[in-house]
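There are 2 protein chains.
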Amino acid sequence: MSHMGYGCLMAFDRDHVLRAAAALLTRKSTATMDEVAKAAGISRATLHRHFAGRDALVRALEALGIAECEAALDAARPDEGPARDAVTRLVREIEPAAGLLAFLYTENQLFEGEEQNEGWARLDERITALFRRGQESGEFRIDLTPVWLTEALYGLFASGAWAVLEGRVAGKDFQFNIVELLLGGVLRREES
Amino acid sequence: MSHMGYGCLMAFDRDHVLRAAAALLTRKSTATMDEVAKAAGISRATLHRHFAGRDALVRALEALGIAECEAALDAARPDEGPARDAVTRLVREIEPAAGLLAFLYTENQLFEGEEQNEGWARLDERITALFRRGQESGEFRIDLTPVWLTEALYGLFASGAWAVLEGRVAGKDFQFNIVELLLGGVLRREES
DNA sequence: CTTGAATGAGACATCAATGTCTCATATGGG
DNA sequence: CCCATATGAGACATTGATGTCTCATTCAAG
């Protein structure tokens, strides 16, 4: 009782449960608590003991998604080197979280109330800053706002994640597809 | 009674109701039948008389979205002129339906059962064909598959619609933002 | 005016998911 | 071995949305 810290007997792995929930909800955003529990391999009672309710579960997933994105941003070193390379690194680092991100992106109920997690604003700011840096260095065109580019990047993440999920595109092309489309666009160019 | 065709006394405007529902559900995808009815300015009873249930309503919205997209494709003349111009026309024509499209795009329950509306497949095919035409004519790069480009276009539509809805980007920039990003990409180029 | 049709308002039953509870069981530590 | 703790299974009440029903009202046509 003294130190009930993590790791005593706990057959319960919070991280594992969250990831299972994310994987399921990415495919079926209306999944029941029962289905989530089943997907995580635990009973509904246990799921409910650790997450006060569906809302709390979604909030936890939101926090997880934000944390993974921030970690990805850290790992991508967005302030180093050419902005285009930083964008490439960012997409690569965020790829494992793309499914979760796609789910959260569509869970617009999160953004209904005014009490939205300020983590999104931080993320937006960091990604926006990256695009702005690319514009100021002359690498990126300046007629598309950094805010729009950030939104578009989210959309491409969602599209990419779903396209892979449904088997329309190969999972190994995820990074290539997003980076090449975002940076280079569709038009063919004669260039270096 | 003889000819109860549309237009007798009907204060009920099916199209108006569907558009109100689309506008509401685009912002709050979990809106109640009650809220939908209120948003459409009719009673829940009437709403229920014309749409057997929430499911039927969503199906009707799906059919409306597909019809609008097909109309947009027709109007865009995807087989005429340079493919890049056809894409530009397509984005312009589809813009009014972008919000509805974004809602349907996230309503992935529609694609759970195997009985998904074949209209999507037709649309996918037509848009994919446009990108393929651009590749074959040498306008578009060939290292991004037409299928991915189609998925990405959907994602950009959703991103654009939401960004406008939340006031992050100006509505008048919708077409420009999407077309320029999709065709030209972010990288700055020295060119014509 | 009279009539038929559609609507609005509200009552009502139904149903699914949620949240809470109890109890039996297993498991690890002392 | 004994105890504490966490879990699984399931019963149970609650809640919110849904779908159905009735009835009064309105409105246009005849």
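From first to last, the protein sequence lines are chains A and B. Position one of the first sequence corresponds to residue 129 (the working numbering), numbered consecutively onward. Position one of the second sequence corresponds to residue 129 (the working numbering), numbered consecutively onward. Positions of the beta carbon are idealized from the N, C-alpha and C atoms, including for glycine.
Query, Result
"Distance CB(GLY283 (chain B))-CB(LEU284 (chain A)) smaller than 8 Å", "yes"
"Alpha helix (DSSP H) segment containing SER265 (chain A), residue limits", "First-last for SER265 (chain A): undefined, no H or E at that position."
"Minimum Cβ-Cβ distance from SER171 (chain A) to chain B less than 8 Å", "no"
"Euclidean distance between Cα positions of SER265 (chain B) and GLY209 (chain B)", "11 Å"
"Start and end residues, alpha helix (DSSP H) containing LYS166 (chain B)", "161-168"
"Contacts that ASP271 (chain A) makes with chain B (C-beta to C-beta distance below 9 Å)", "PHE304 and GLU308"
"Outcome for SER171 (chain A) when other beta-carbon atoms lying within 10 angstroms are tallied against a minimum of 16", "exposed"
"Per-residue DSSP class, three states only, for ARG317 (chain A)", "coil"
"Nearest-angstrom beta carbon gap, LEU228 (chain B) and LEU272 (chain A) [assumed within contact, 8 Å]", "The Cβ separation is near 25 Å, so there is no contact."
"Buried or exposed by the 16-neighbour rule on C-beta atoms within 10 Å, applied to ALA180 (chain B)", "exposed"
"Contact set between the region 215-237 of chain A and chain B, restricted to residues whose Cβ is under 7 Å from the partner", "THR234, ASN236 and GLN237"
"Pairwise C-alpha distance: GLU196 (chain A) and PRO224 (chain A)", "9 Å"
"Sub-8 Å separation of ALA214 (chain A) and ARG205 (chain A) beta-carbons", "yes"
"PHE117 (chain B) (DSSP reduced to helix, strand or coil)", "The requested residue 117 (chain B) is not part of the displayed model; chain B covers only 129 to 320."
"Contact set for ASP252 (chain A): own chain, Cβ-Cβ below 7 Å, skip 5 residues either direction", "THR278"
"SER157 (chain A) - DSSP class collapsed to helix/strand/coil", "coil"
"Per-residue contacts from ALA291 (chain B) into chain A (C-beta, under 7 Å)", "TRP276 and GLU279"
"Integer-rounded CB distance, given that LEU258 (chain A) should sit under 8 Å from ALA211 (chain A)", "6 Å"
"Whole-number beta carbon distance between ILE306 (chain A) and GLY288 (chain A), since they are thought to touch under 8 Å", "5 Å"
"Pair within 8 Å by beta-carbon distance, THR158 (chain A) and GLN237 (chain B)", "yes"
"8 Å Cβ cutoff, GLY209 (chain B) in contact with chain A", "no"
"Proximity test, Cβ basis, 8 Å: LEU185 (chain B) and chain A", "no"
"Where VAL322 (chain B) meets chain A, residues with beta-carbon distance less than 9 Å", "This structure gives no information on residue 322 (chain B), because the portion of chain B shown stretches from 129 to 320."
"Same chain, Cβ closer than 7 Å to SER320 (chain B), neighbours up to 5 away in sequence not counted", "The pLDDT assigned to SER320 (chain B) is 47, lower than 50, so where the model puts this residue is not dependable; a value taken from the coordinates is nonetheless given after this. Hits under 7 Å: none found."
"Cβ neighbour criterion (16 or more within 10 Å) applied to THR160 (chain A)", "exposed"
"Contacting residues, own chain, Cβ-Cβ under 8 Å from GLN303 (chain A) (five flanking each side not counted)", "THR216, VAL219, ARG220 and GLU223"
"Cβ-Cβ separation, LYS156 (chain A) to GLU240 (chain B) (assumed contact under 8 Å), whole Å", "7 Å"
"is_contact[ARG260 (chain B), chain A] using C-beta, thresh 8 Å", "no"
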